[in-house]
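Enquirer: So that we are looking at the same thing, I have put the structure below in structure tokens.
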Amino acid sequence: MFKSLGKNLLLSDDARFALKDVVKSENPILQLAKLSQMLKAGQKAEDAEILARAARQIAYDDFSIKVLTEWVDRIEAPVWHFDIIDDAIRLQAYAEALRRYVKPDMIVFEIGTGTGILSMLAVQAGARHVYTCEIQPDVAEIARQIISKNGYQDRITVINKNALNLEMGQDIPERADLFVAEIVDDTLLGERVLPLTEYARHQILKPKAILLPHTVSARGCLIKKHGLRQNYRAKTVMGFDLSPFNRFTPTELSLGRAGAEIEALSDDIELIKFDLNHDAPREATSSFRALANHDGNAEALMRWLHLDFGDGLVFENRLPQKSCWWPHIHIFPKEVPVKKGDEISFELYHNQDRLFLWPMT
Ligand SMILES: C[S@@+](CC[C@H](N)C(=O)[O-])C[C@H]1O[C@@H](n2cnc3c(N)ncnc32)[C@H](O)[C@@H]1O
């Protein structure tokens, strides 16, 4: 096996040359892992990743090879998959939505198989068949194994493709009655829920198909930060004025990283809402206002996700609700003192990938 190692790998000449010594060594698999590390350290990331993957494929169950190559190429499956399957509130919302809307005989289409959990819930809810696509080959392969292990292989088809490349009639034999997808991230739009859902509606679904969720929104409130490890504002430290460094104060942070306890200074407000049944503009600007309900210094606007499945079934990751998604904070250029009843207006710009917002002056 080792003699032919490298024949089918798209390596640079240098890496191929180094591989000759690996093949001749006493422990070629270990040397292969070490060579991938050397290449990574030498800024040859592509060669390094190819060899790390090859080492793992050969020694699938060798834990030391997993440890040695993970530094080089760790993205077989993003680790957040463990967080999202651990988020019971998220899964309960999707499971309840599927129980409510899936009717016997329905064909379900999913974008983003992951572990296959939503597809299996859809079958449990009565779907005749689920077609689910997953862009990452390793994840798609393991999802197939999970689905077989749980006895659903005849009712779920996993397609290892980018959803945008699916061919109706070929990958999916018939148009679907219901679409389910969890393709939102902390920032709402980062996993491309808007273009992907639009594509599904136009290319894969029946005209009156049900979409789960129906709408996705960003909600928020003014906050006075409390218990933040850091306020990201440099002042005088050990007698030195470091304030010019505030040019680098971030405008947006995940609260996960900041690890904050928060105190709200306004009621919760809807910042923007997307009805997935309609095409969203490629970009747009809007505004919203936050009404202070306490006196205090507003340091930021906190925002979180709101997924609406209809009939009062919603999912939110508003603190203190713990979730796999972290709220984000938008830090103001300087603290804004507010009294109960004061309003702060914001401008919001979005494209299909991200929301940007700032207080209007
Ligand atoms: C947040 S995970 C959800 C996984 C699973 N449905 C769940 O709820 O636990 C989203 C999945 O979508 C996949 N994905 C992202 N963009 C995709 C695309 N354009 N086509 C197919 N799959 C995609 C990712 O690789 C990831 O596995």
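In terms of my numbering, the sequence shown has 302 at position 59, counting the first letter as 1, and numbering is strictly consecutive. Quick reminder that beta carbons are idealized off the backbone N, C-alpha and C, glycines included.
Could you tell me how far apart the beta carbons of F558 and A368 are, in whole angstroms, since I believe they sit closer than 8 Å?
Expert: No, F558 and A368 are not in contact; Cβ-Cβ is about 17 Å, not under 8 Å.
Enquirer: Could you give the uninterrupted runs of the alpha helix (DSSP H) lying entirely in the region 438 to 507, keeping only those of 4 residues or more?
Expert: Entirely contained in the region 438 to 507, the alpha helix (DSSP H) runs reaching 4 residues are, in chain order, 498 to 501.
Enquirer: The alpha helix (DSSP H) spanning F589 covers which residue range?
Expert: It is not in any alpha helix (DSSP H) - F589 instead sits in the beta strand (DSSP E) that spans E586 to N594.
Enquirer: Run the proximity test for L556: is its beta-carbon closer than 7 Å to any non-hydrogen atom belonging to ligand 1?
Expert: Outside the cutoff, so no.
Enquirer: Which residue from K468, L294, G412 and R532 puts its Cα closest to that of S255?
Expert: If we check each option's Cα against that of S255, L294 comes out closest.
Enquirer: For the pair the region 415 to 431 and the region 447 to 456, tell me if three or more CB-CB distances fall below 8 Å.
Expert: As far as the Cβ criterion goes, the region 415 to 431 touches the region 447 to 456, which means the pair count is three or higher.
Enquirer: Which residues in the same chain have their Cβ closer than 8 Å to the Cβ of N405, if we skip the five residues on either side of it in sequence?
Expert: The answer, listed in chain order, is C376 and I378.
Enquirer: Quick one: give me the first and last residue of the alpha helix (DSSP H) that H324 is part of.
Expert: Per DSSP, H324 belongs to the alpha helix (DSSP H) from W323 to I328.
Enquirer: Report buried or exposed for G629, applying the criterion of at least 16 other Cβ atoms within 10 angstroms of its Cβ.
Expert: What is shown of the chain runs 244 to 604, which leaves residue 629 out entirely.
Enquirer: Use the C-beta contact count for P570: other C-beta atoms within 10 angstroms, 16 or more gives buried, fewer gives exposed.
Expert: Per the 10 Å Cβ criterion, buried.
Enquirer: Who pairs with A424 in a beta bridge, going by DSSP?
Expert: Per DSSP, I354.
Enquirer: For M349, which of helix, strand or coil comes out of DSSP?
Expert: Three-state DSSP puts M349 in coil, outside helix and strand.
Enquirer: Would Y475 be called buried (16 or more neighbouring beta carbons within 10 Å of its own) or exposed?
Expert: So Y475 counts as buried.
Enquirer: For the structure I just gave you, are there three or more beta carbon pairs, one from the region 568 to 586 and one from the region 489 to 509, closer than 8 Å?
Expert: These segments touch.
Enquirer: Any heavy atom of ligand 1 inside 7 Å of the beta-carbon of E377?
Expert: Checking the Cβ of E377 against ligand 1 gives yes.
Enquirer: Please state the DSSP three-state secondary structure of F552.
Expert: If DSSP states are grouped into helix, strand and coil, F552 belongs with coil.
Enquirer: List the residues that DSSP assigns as beta-bridge partners of F558.
Expert: Beta-bridge pairing links F558 to L550.
Enquirer: D518 by DSSP, collapsed to three states: which one?
Expert: Of the three classes helix, strand and coil, the one that applies to D518 here is strand, per DSSP.
Enquirer: From A288, A533 and I272, pick the residue whose C-alpha is nearest to that of D257; which is it?
Expert: Of the candidates A288, A533 and I272, the one whose C-alpha sits nearest the C-alpha of D257 is A288.
Enquirer: Taking only the alpha-carbon atoms, compute the straight-line gap between P487 and S529 and give it to the nearest angstrom.
Expert: Going by the C-alpha atoms only, they are around 32 Å apart.
Enquirer: Look up E526 in the DSSP assignment and give the residues it is bridged to.
Expert: N594, per the DSSP bridge assignment.
Enquirer: Between A535, N594, F531 and I350, which lies nearest to P602 when the distance is taken from Cα to Cα?
Expert: Considering only alpha carbons, the answer is F531.
Enquirer: Around the Cβ of M349, are there at least 16 other Cβ atoms within 10 angstroms (buried) or fewer (exposed)?
Expert: Its Cβ being crowded by 16 or more others within 10 Å, M349 is buried.
Enquirer: Quickly, what does DSSP pair E513 with across the bridge? List them, please.
Expert: BP columns for E513 point to R462.
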